[in-house]
Each structure stands twice: as C-alpha cells, then as structure tokens.
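What follows is one structure encoded as structure tokens, with my remarks underneath.
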Amino acid sequence: YSRARNLHAAARRLVAEHGAQLPTTVDALQALPGIGRYTAGAIASIAFGKPAPAVDGNVERVLSRLLAIDAEAGSTAAQRRLWDMAAELAACDRPGEINQALMDLGATICTPLTPTCGNCPLRRSCAARAEGDPLRYPRRSPRRVERPTLRLTFLWYRTRSGVWLERRPLRGLWAGLWQLPGEEGPRSRARLAQRLGARLTRRIAGVRHELSHRIVLASIYTASPTPTLRHRATLRGFAEPLGAPLSAVARRAIIAALDAGA
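Residue 380 in the numbering used here is what sits at position 222 of the sequence shown, and the numbering runs on without skipping anything.
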C-alpha cells in the first residue's frame, strides 16, 4: 500500500514540477516520494546513462566478496566501501550495463549459499575466492534476537451491510490496510470495549501470526450490547470481507472467525 501511495504521489509531483517527465539526476530522483538511493541510481544509470552507482542486495554480495570487505554488513564502513567501489565501476561509458551486470551476477552466479565461482567472470580478481571462503562475505555476526509479542483484540460484528472493518492509519504497521475493528497492546480488550461502547463478551477465535520482527497474537470477540461504533468515519461494512485489502493477520483473523461459525 505504501508503495502504491508513493507511486501516486511521485506521479503527481512529476506532473506538477517536472512537466510529466522523469528527472535525469540522482538528486532530483531521490527527491521524489518512494525513491531511495538505490532506485535513483538504477534509474539514472539504466534509463539515462548517468554514471551513478546502484547497490542492491545482489550488488552488495558481489562487491563484498570481490573486495573481501571485513566490516560488518550494514555498517557505515562497509556501506562506504561498497558505494565507493560501485561509483568507481559506474564511471564509464555504459554505467547502466555495468549496474545490471553486477545485479545479474549476484542473482545467478554469486549467490548467497551456492556461488558457482568457476563460472564467474570476476573469479581472477575476487579476494574472497582467493581466500577460499566466499561464503564468509558479506560478514554478518550471528545474533539471536528475541521477537517481542504484539497482542491484538478484534471485534466480529456483522450487520445487513456486511462485516464491519476499519482502515488502519496511513503510517506504521500495515499502513492503510483494513482489519476488524481492533486495538493493540496492553489492555487492548478494555480499550476496544470502551471505544465501541460495548462489552466484549465471547472470544470466538484466536490467531498466531509471525513476522520477521515480532509475533502477533490476536483474539476475536463478539460484543454485547450492540456496539455504538462511534467512529463510523473509519468503519465500513463489507459483504465479502476477504475481498478487502487486508493485512495477513487481519485475513487470518477473519478466516478464523468464519471457521468458528461467526
């Protein structure tokens, strides 16, 4: 959803400020919503032939092995060396082809776990291959991160117009997507009941959903008496709630409620 909003905002900016044409410089491209350093470099070099570096995950892996960069991946020192080297390589007559070649090399030959070094056109210059351990790069320290738990409470409420859903804020987790009316965090059940003007009386289903950075535990309740639904501006009845633009956890919550006979 955020990508779609950024694309729309960038298109409006292009019409208003650039005569409906993409700018050709990295700085001007990066000023557009949703375009970062990598995307700006890729557009400038591939579309306009500008000598601009473009470092994505594949290029990072190729250059990290080529140079045997010993700094922690993602660190300021590693990023500086990667972008400096990419800029040096892109300072040529065909920067777009250089950038695309590095991306393709990382995607097809210099892969994360099974690099085919014997087929690599850079094998004679590769410091990681000379060391005999290309998998050591990019260097990442093993770390175990305990994922926090996010608790959600949802309301299942159906009227003639359908199942009531509400839209999440346009920023933050699941930005702009729809879900059952809900609250999150400590005392989410009490806060949702207060907002709706009803008691959440019966838990009809629960969902566990794992994200890369947290574990989500959602409980779905019915309410009594009939909710007042005070914030109707953010609510809408869906005859087919699974057809709405939902987050993964909201979709699973709706399916769980339906499976429970709600």
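Just so it is clear, CB atoms sit at the ideal spot from N, CA and C, and this is done for glycine as well. These figures come from a predicted structure and were not determined experimentally.
- For LEU172, the uninterrupted alpha helix (DSSP H) segment begins and ends at 160-175.
- The residue among GLY364, PHE206, ALA408 with its C-alpha nearest the C-alpha of LEU335 is ALA408.
- Within the segment 300-356, the complete alpha helix (DSSP H) segments at least 4 residues long are 346-354, listed from N- to C-terminus.
- For SER377, there is no enclosing alpha helix (DSSP H); the residue is found in the beta strand (DSSP E) stretching over 373-382.
- Put simply, of LEU338, PHE312, LEU369, GLY320 the residue whose alpha carbon is nearest the alpha carbon of ARG345 is PHE312.
- For ARG239, there is no enclosing beta strand (DSSP E); the enclosing alpha helix (DSSP H) covers residues 234-248.
- Here VAL213 carries a coil assignment [DSSP, helix/strand/coil].
- The Cβ neighbour count for ASN257, taken over all protein chains shown within 10 Å, is at least 16; the residue is labelled buried.
- A residue is called buried when at least 16 other Cβ atoms come within 10 angstroms of its Cβ; GLN337 meets this threshold and is buried.
- The beta carbon of PRO209 sits closer than 6 Å to those of ALA248, ALA249, PRO253, all from its chain and outside the five residues before and after it, given in chain order.
- The Cβ atoms of VAL365 and ALA411 lie closer than 8 Å to each other.
- LEU225 sits away from ARG238, with the two beta carbons spaced by 8 Å or more.
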